[in-house]
Structure formats: structure tokens, C-alpha cells
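J.: What follows is a single structure, and I will ask about it in a moment.
2 protein chains.
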Amino acid sequence: MKIDPENPAGLSAQIAQAIKDAIVSGALIVDERLPSESELAEQFRVSRPTVREALKRLAAQSLIRTQRGATGGAFVNRLAYQDAYAQQITTSTLLLSMNAVSFDTACEARFALERACAPLSAERRAPDHLATMRAEILRQAQPGLTDEAFCASDVAFHRALVDGAGNPVLSYQLAGAVEAMQPLMNMITFTARSRETIVALHTALADAIEARDGQAAMQRLGDLETETRGHASDVFAARKAGAQTRRT
Amino acid sequence: MKIDPENPAGLSAQIAQAIKDAIVSGALIVDERLPSESELAEQFRVSRPTVREALKRLAAQSLIRTQRGATGGAFVNRLAYQDAYAQQITTSTLLLSMNAVSFDTACEARFALERACAPLSAERRAPDHLATMRAEILRQAQPGLTDEAFCASDVAFHRALVDGAGNPVLSYQLAGAVEAMQPLMNMITFTARSRETIVALHTALADAIEARDGQAAMQRLGDLETETRGHASDVFAARKAGAQTRRT
DNA sequence: AGACTTTTAAATGTCAGACAAATAGAAAGT
DNA sequence: ACTTTCTATTTGTCTGACATTTAAAAGTCT
Numbered sequence: 001m002k003i004d005p006e007n008p009a010g011l012s013a014q015i016a017q018a019i020k021d022a023i024v025s026g027a028l029i030v031d032e033r034l035p036s037e038s039e040l041a042e043q044f045r046v047s048r049p050t051v052r053e054a055l056k057r058l059a060a061q062s063l064i065r066t067q068r069g070a071t072g073g074a075f076v077n078r079l080a081y082q083d084a085y086a087q088q089i090t091t092s093t094l095l096l097s098m099n100a101v102s103f104d105t106a107c108e109a110r111f112a113l114e115r116a117c118a119p120l121s122a123e124r125r126a127p128d129h130l131a132t133m134r135a136e137i138l139r140q141a142q143p144g145l146t147d148e149a150f151c152a153s154d155v156a157f158h159r160a161l162v163d164g165a166g167n168p169v170l171s172y173q174l175a176g177a178v179e180a181m182q183p184l185m186n187m188i189t190f191t192a193r194s195r196e197t198i199v200a201l202h203t204a205l206a207d208a209i210e211a212r213d214g215q216a217a218m219q220r221l222g223d224l225e226t227e228t229r230g231h232a233s234d235v236f237a238a239r240k241a242g243a244q245t246r247r248t
Numbered sequence: 001m002k003i004d005p006e007n008p009a010g011l012s013a014q015i016a017q018a019i020k021d022a023i024v025s026g027a028l029i030v031d032e033r034l035p036s037e038s039e040l041a042e043q044f045r046v047s048r049p050t051v052r053e054a055l056k057r058l059a060a061q062s063l064i065r066t067q068r069g070a071t072g073g074a075f076v077n078r079l080a081y082q083d084a085y086a087q088q089i090t091t092s093t094l095l096l097s098m099n100a101v102s103f104d105t106a107c108e109a110r111f112a113l114e115r116a117c118a119p120l121s122a123e124r125r126a127p128d129h130l131a132t133m134r135a136e137i138l139r140q141a142q143p144g145l146t147d148e149a150f151c152a153s154d155v156a157f158h159r160a161l162v163d164g165a166g167n168p169v170l171s172y173q174l175a176g177a178v179e180a181m182q183p184l185m186n187m188i189t190f191t192a193r194s195r196e197t198i199v200a201l202h203t204a205l206a207d208a209i210e211a212r213d214g215q216a217a218m219q220r221l222g223d224l225e226t227e228t229r230g231h232a233s234d235v236f237a238a239r240k241a242g243a244q245t246r247r248t
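Quick mapping for you: the protein sequence lines, in order, are chains A and B. Mind the numbering: the first sequence is residues 1 to 248 in UniProt numbering, read in order. Mind the numbering: the second sequence is residues 1 to 248 in UniProt numbering, read in order.
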């Protein structure tokens, strides 16, 4: 672990990278205690605040956790699925909101990935996954639901579908794709008619999953994608036309 | 943005969360300059080092960038795909290496997601995607290639396949799944015979993509998954038997 | 001896002030 | 008009200090 004081990246960034490499390479194992801040400062020949900034960088990525007190210090953190989910969702959401990703592109990615889960979910889903899906469908059919609540329920429905595959790695990868869509979906108003269509498709999808028919589930997801993208393009077209009308 | 000095989470963590929320919610837009560290310290009623630790947390997630000098400061960063990829890969790799995810689970997730890309890639792949795939196949066929180099080439091959879909969101989501597998793959030794099989399957896959036959590409990916998992379980079984033999 | 209380040491969390380095803009000179 | 110098601002880093938390060691009482 060598540090170059002349490197424009900054000392704390270099130290953070060095420790990160040690963790990723396996030189530092889970729950291992790092040297104290003072010792690290000595080793790297920098001051304690600089070391602290480096440690905060790692803490922000959940790579380490810190504990105060006599036996405290910085410990290599076991990256829990929950932490990884949260990071994944934040990153995905920002990526979509900041890069002018078109609704179509995001939608296509999401449904393509979900279709990948469908056969596995049809095969392995437990009763509670089905129960969650059915419950969310009921919620979505309720009149007077706000668009936001409708979208949130939609996300919950699809997460149940994904989790049904019983593969935590898949669930992790999909979490970002599904949740990051929510802000984009929230920009769309769902008419009573379109909600009916979606609820019908969700029901057909849940039926396919219940029947353990993966192929049918994939087809229903394709239908849902077509419906969602068609509805979204209608909404955007209407909005554009409205804007032009107001302008004239 | 209110800060509670009694909160055990720590002042810097709270400040980081407050700014993060402002960015995610859109209150702070891309390229907007945050107040200087001194001003932030005043606003939050904390010292400058505390503010700095908070800013480093955000910088570690590529949410902000800092610039020195007269007109310098902290700016809201446009999260580039490249940065997001890197984070995604790091997180995925750690998630797999730290949580005793079985080879089968990771492999299943990876190939399921890749199959989702296959139809899109078959439809849209540009000539250079195909060229990359062919080039990597040639590399994989070279004798004397180390296992690591073989795995790296495998990753490059599959990335070209994924990128062929022309959907950056999909590429982003898949980057983690494909790259994170590499450390797991590196634990496997590939015999000349298994390499031959893989190269043949890769060739068939590239042929399917070239012929714009998405269904065939999905089937070839299925074959590749079967081969990979079968070979891996053989290697693990042999290793286990070897260990027991040595023990007796 | 055993259980409880107090002390102590070690570590992180925070603060204050200072200086160095980089950078852009203003001011001065040619 | 152009170039150079100066200056103000801001981040990067250092030094030193104190507060807080925590667990273990030391001490005390029954």
C-alpha cells in the first residue's frame, strides 16, 4: 500500500482505494479489524483527519463499519443483501433521472430482465409470493387510489414475482431495474381504463405463475410491456399536443 | 435539512444523507454548486472537518465532484454510466464473495439475465459487436492461455453480447452480473477439452447472433449454462474427492 | 469467594485554527 | 490589446485538543 503525495487524486482517495483493494482482493477478511486511525495515519504518513476521510468513503459504500469504545475501530463489513439493494436502487434511480434515459429504454430493460425471471419464478414461487401478488392486484383495483400508490403497488407486485425465483442474486440485480422505474412511472397518469387493463394483465400473469407456466408468464409480461409502452407514448403525445395547443 | 446532534448515526452521516436526499429528490440539480465547506459548516452548525467527512461520503458514491480554486467547490455530479458500472461491479463482486453465494446460484442468475438480452442483441447488434465476439473466440482457442486470461476473454465476449442489445440500462444492470462472476470462474480450472466445448458453444452463439436468430441464441446460452454448471460441479466434486483422499 | 461498583484506557467523534496549493478573475504593466 | 502579476476564494491537509463511548481492569462490599 503505497501513497503518492503528488497524486492529484488526493491522499484520502488513494488511501480509500488501497484499503478497498485489500478488501476486494481478500487480503482483509470479513469482520477483521483494521488498525486504529492513529496507526493507519502513521503507516500512510498522513494525519488522522485524512485517514478519517478515507474511512468515511468506505463507510459510505458499506465496506466497513465503525464502532466506538475500547475494543472499537473499523471492521470489514459483510455486505448484506439489504445494503446492496439500497445502493443499487439509489444508483439506478440517479442514473435514470440524470441521463435523460428514455422511458422506452428503461421499460425495455426492465421487462426483458423480468422475463428472465419468469420461468424460474413459475417453477419455484412459494405460496406467499402468490399471495403478495394477489393482494397487490386487489389493491390496484381499488378506486380512488392515487397514481403514486398505484405505482408503488405495481413495484411490490413485480418484486414478488422476481423474489419468487428464489435466487437472491437475481433479486438483487432486478431490484434496481424495477424500483428505479418508479419515478418514471410516476410521471404518467393512469386512467381508470388503463388501470383496468393492467389489473387484467397482472391477473393473467399471476394465474400463469400459479399454474407454473413459465412460457405463459413470459408472454403476459410481453403484453404488459406493450401495454405500458403504448400507454406511456399516448400520454406523452397528448402532453406534447396540449403544450402546442397552449402555445398557439 | 435538520441535524440532530444526539443521533447516534453521527453528524457527518446525517449531513451526507440530507444532501443525498436533496440530490435524489431533485432539489439540487446536476452541475449545481453546493455552498462552500465553511458555509455548510455554518448552516449545519458543525465544524468544517465534519462537513468534509460528509462530502467525502458523497464523493465516494460519485454523487458529487470537488474542484479546488477560486470558483471551485462541490458540484452535483452527473452520474455517468462508467461510474455506475464501476460501482455496480464492485458491489456485485463483494456481494458474491462475502455471502457464500453458490456457484450455481450466481451462474443461474447470470445466464437468465443474459438470455433476456439475447433476442434484443440478435436484432440490433452492430458489426463491431460481432467482431469483438469473434476476436475473443479466437483468443480463447489459443493454446497456452492461462485460466485467468481465458475467463477475462469470456467476460469480454459476453459483454459484447450484452452491449449488442444497444440498451445502456440493460448493459449497466448486466455489467455486475457478468463481471462479478469472474472471481468465481477463476476458481475453476478449464481443461483443454472443456475449453474446446466452450469455444464451440461460443461460436454457435455468435453464429446465432449474426443470423439475427434470437431464439437460437437463447438456446445456445442455455447449453452454455448447462455446460458451465456441469463442468463446475465436476471440478468441485473432484476437488472434494481429492481432499478426502489426501486426508486418509 | 463472588457480585457489584468504580476507575481507567483506548478508540472514535467532533471541534478549532492554521497553512499549503490550486484556480479564476482583477489589476497592473508593457 | 496582450501579457503578467497579484489577490481572493476554496479545497486539501496538518496539528492539537477535548468529548463520548465502550469494555476491561481494579477496587470494594457482602
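Idealized CB from N, CA, C, for every residue including glycine. Every value quoted in this text rests on a predicted model; they were computed, and no experiment measured them.
If we count Cβ pairs, one from each stretch, closer than 8 angstroms, do we get three or more for the region 197-205 of chain B versus the region 164-172 of chain B?
T.: no
J.: Determine the DSSP secondary structure at Phe190(A), reduced to helix, strand or coil.
T.: By 1-based counting over the first sequence, the position of residue 190(A) is 190. In the three-state reduction of the DSSP assignment, Phe190(A) falls in the coil class.
J.: Going straight from the alpha carbon of Glu32(B) to that of Val101(A), what length do you get?
T.: Locating residue 32(B) in the second sequence gives position 32, counting from the first residue. Locating residue 101(A) in the first sequence gives position 101, counting from the first residue. If I take the Cα positions, the gap works out to 20 angstroms.
J.: Could you list which residues in chain A have their beta carbon closer than 7 angstroms to that of Glu108(B), in chain order?
T.: Taking the first residue of the second sequence as position 1, residue 108(B) is located at position 108. Result: Asn167.
J.: Sort Thr191(A), Ala241(A), Ser62(A) and Asp234(A) by Cα distance to Asp147(A) and report the nearest one.
T.: The count along the first sequence starts at 1 and reaches residue 147(A) at position 147. Nearest C-alpha to Asp147(A): Thr191(A).
J.: Using CA coordinates, which residue listed in Ala241(A), Ser25(A), Leu184(A) and Val162(A) is at the minimum distance from Ser97(A)?
T.: Here residue 97(A) refers to the residue found at position 97 when the first sequence is read from its first residue. Cα-wise, what sits closest to Ser97(A) is Leu184(A).
J.: Please state if the CB of Glu179(B) and the CB of Ser153(B) are separated by a distance shorter than 7 angstroms.
T.: Position 153 of the second sequence, counting from 1, holds the residue named residue 153(B). Position 179 of the second sequence, counting from 1, holds the residue named residue 179(B). No Cβ-Cβ contact shorter than 7 angstroms links Ser153(B) with Glu179(B).
J.: Could you name the residues of chain B that Thr105(A) contacts, counting a contact when the two beta carbons are closer than 8 angstroms?
T.: Residue mapping note: residue 105(A) aligns to position 105 of the first sequence, counting from 1. Within chain B, the residues near Thr105(A) are Asn167, Pro168 and Val169.
J.: Leu79(A): which of Thr66(B), Glu123(B) and Thr90(B) sits nearest, CA to CA?
T.: Counting from 1 along the first sequence, the entry for residue 79(A) is found at position 79. With distances taken between Cα atoms, Leu79(A) lies closest to Thr90(B).
J.: With respect to the alpha helix (DSSP H) encompassing Gln173(B), which residues constitute its N-terminal and C-terminal limits?
T.: Taking the first residue of the second sequence as position 1, residue 173(B) is located at position 173. For Gln173(B), the enclosing alpha helix (DSSP H) has its first and last residue at Pro168 to Glu179.
J.: Taking its Cβ as the centre, do 16 or more other Cβ atoms sit within 10 Å of Ala122(B), making it buried, or is it exposed?
T.: Reading the second sequence from its first residue, position 122 is the one you call residue 122(B). Buried.
J.: Just to confirm, are Arg68(A) and Phe75(A) a CB contact at a threshold of 7 angstroms?
T.: On the first sequence, residue 68(A) is found 68 positions in, with the first residue counted as 1. On the first sequence, residue 75(A) is found 75 positions in, with the first residue counted as 1. Not a contact, by the Cβ cut-off of 7 angstroms.
J.: For Arg239(B) and Arg57(A), which I take to be in contact (beta-carbon distance under 8 angstroms), what is that distance rounded to the nearest angstrom?
T.: Counted from its first residue, the second sequence places residue 239(B) at position 239. Counted from its first residue, the first sequence places residue 57(A) at position 57. Not really, about 38 angstroms apart at Cβ, beyond 8 angstroms.
J.: Measuring CB atoms only, is the region 11-20 of chain A touching the region 42-55 of chain A, in the sense that at least three cross pairs come out at less than 8 angstroms?
T.: yes
J.: If contacts are defined as beta-carbon pairs under 8 angstroms, then Cys117(B) and Leu161(B) qualify, I think. What distance do you get, rounded to the angstrom?
T.: Within the second sequence, numbered from 1, the residue matching residue 117(B) stands at position 117. Within the second sequence, numbered from 1, the residue matching residue 161(B) stands at position 161. The Cβ separation is near 7 angstroms, so the contact holds.
J.: Roughly how many angstroms separate the alpha carbons of Ser92(B) and Gln87(A), rounded to a whole number?
T.: In the second sequence, the residue the question calls residue 92(B) occupies position 92. In the first sequence, the residue the question calls residue 87(A) occupies position 87. About 11 angstroms.
J.: Please work out which residues of its chain come closer than 7 angstroms, Cβ to Cβ, to Ile23(A), disregarding the five sequence neighbours upstream and downstream, and give them in chain order.
T.: As a first step, residue 23(A) is located in the first sequence; it is residue number 23 there, counting from the start. Taken in chain order, the residues that qualify are Leu63 and Val76.
J.: Given Ser47(B), which residues of its chain have a CB within under 7 angstroms of its CB, disregarding the five upstream and five downstream residues?
T.: Taking the first residue of the second sequence as 1, we reach residue 47(B) at position 47. Within the same chain, Ser47(B) has close Cβ partners Ala41.
J.: By Cβ distance, which residues of its chain are closer than 7 angstroms to Glu225(B), with the 5 residues on each side in sequence left out?
T.: The residue you call residue 225(B) lines up with position 225 of the second sequence. Once the five neighbours on either side are set aside, the close Cβ partners of Glu225(B) are Cys107 and Phe111.
J.: Go through its chain and collect everything with a Cβ distance to Arg229(A)'s Cβ below 7 angstroms, but skip five positions before and after it.
T.: Position 229 of the first sequence holds residue 229(A). Excluding positions up to five away in sequence, the list reads Asp104 and Cys107.
J.: Considering Ile89(A), what are the terminal residues of the alpha helix (DSSP H) in which it resides?
T.: The count along the first sequence starts at 1 and reaches residue 89(A) at position 89. That run of the alpha helix (DSSP H) goes Tyr81 to Met98.
J.: In the structure shown, what three-state DSSP assignment does Thr66(A) receive?
T.: In the first sequence, counting from the first residue as 1, residue 66(A) sits at position 66. Here Thr66(A) sits in strand by DSSP.
J.: Hey, out of Ser233(A), Arg124(A) and Pro143(A), whose CA is closest to Gly166(A)'s CA?
T.: Residue mapping note: residue 166(A) aligns to position 166 of the first sequence, counting from 1. Answer by Cα proximity: Arg124(A).
J.: How about Ala60(B) and Gln61(A): do their beta carbons lie closer than 7 angstroms?
T.: Your numbering for residue 60(B) matches position 60 in the second sequence. Your numbering for residue 61(A) matches position 61 in the first sequence. Yes, they are a contact pair.
J.: So with CB distances below 8 angstroms, who are the chain B contacts of Cys117(A)?
T.: Taking the first sequence and counting its residues from 1, the one referred to as residue 117(A) is at position 117. Under the 8 angstroms cutoff, chain B gives Ala112.
J.: What does Glu53(A) touch in chain B if you count any residue whose Cβ is under 8 angstroms from its own?
T.: As a working note, residue 53(A) is residue 53 in the first sequence. Within 8 angstroms Cβ-Cβ: Arg52, Glu53 and Lys56.
J.: Return yes when the Cβ of Val199(A) is within less than 7 angstroms of the Cβ of Gln182(A), no when it is not.
T.: Counting from one through the first sequence, the residue named residue 182(A) turns up at place 182. Counting from one through the first sequence, the residue named residue 199(A) turns up at place 199. For the pair Gln182(A) and Val199(A), the CB atoms are not nearer than the 7 angstroms cut-off.
J.: Can you say whether Gly72(B) is buried or exposed, counting buried as having 16 or more other CB atoms within 10 angstroms of its CB?
T.: Numbered from its first residue, the second sequence carries residue 72(B) at position 72. With fewer than 16 other Cβ atoms within 10 Å, it is exposed.
J.: Out of Ser25(B), Gly26(B), Ala126(B) and Arg45(B), state which residue places its alpha-carbon closest to the alpha-carbon of Ala211(B).
T.: As a working note, residue 211(B) is residue 211 in the second sequence. Out of Ser25(B), Gly26(B), Ala126(B) and Arg45(B), Ala126(B) has the C-alpha closest to the C-alpha of Ala211(B).
J.: Looking at the structure shown, is Val76(A) part of a helix, part of a strand, or coil, going by DSSP?
T.: Here the question's residue 76(A) lines up with position 76 in the first sequence. Three-state DSSP puts Val76(A) in a strand.
J.: Provide the residue span of the alpha helix (DSSP H) that contains Leu11(B), from first to last.
T.: In the second sequence, residue 11(B) corresponds to position 11, counting from 1. Looking at the DSSP string, the run of the alpha helix (DSSP H) that includes Leu11(B) is Leu11 to Ser25.
J.: Provide the residue(s) that pair with Arg33(A) in DSSP beta bridges, ordered along the chain.
T.: Translated into positions along the first sequence, residue 33(A) becomes position 33. Answer by DSSP bridge pairing, in chain order: Phe75(A).
J.: By Cβ distance below 8 angstroms, which residues in the same chain neighbour Leu28(A) in space, the five residues on each side in sequence not counted?
T.: As a working mapping, residue 28(A) is identified with position 28 in the first sequence. Once the five neighbours on either side are set aside, the close Cβ partners of Leu28(A) are Ile19, Ala22, Leu34 and Val76.
J.: In chain order, what residues of the same chain lie with their CB nearer than 8 angstroms to the CB of Asn7(A), ignoring the 5 residues before and after it?
T.: Residue mapping note: residue 7(A) aligns to position 7 of the first sequence, counting from 1. Contacts found: Gln14.
J.: Beta carbon of Ala16(B), beta carbon of Leu95(A): below 7 angstroms?
T.: Position 16 of the second sequence, counting from 1, holds the residue named residue 16(B). Position 95 of the first sequence, counting from 1, holds the residue named residue 95(A). No, the Cβ-Cβ distance between Ala16(B) and Leu95(A) is not below 7 angstroms.
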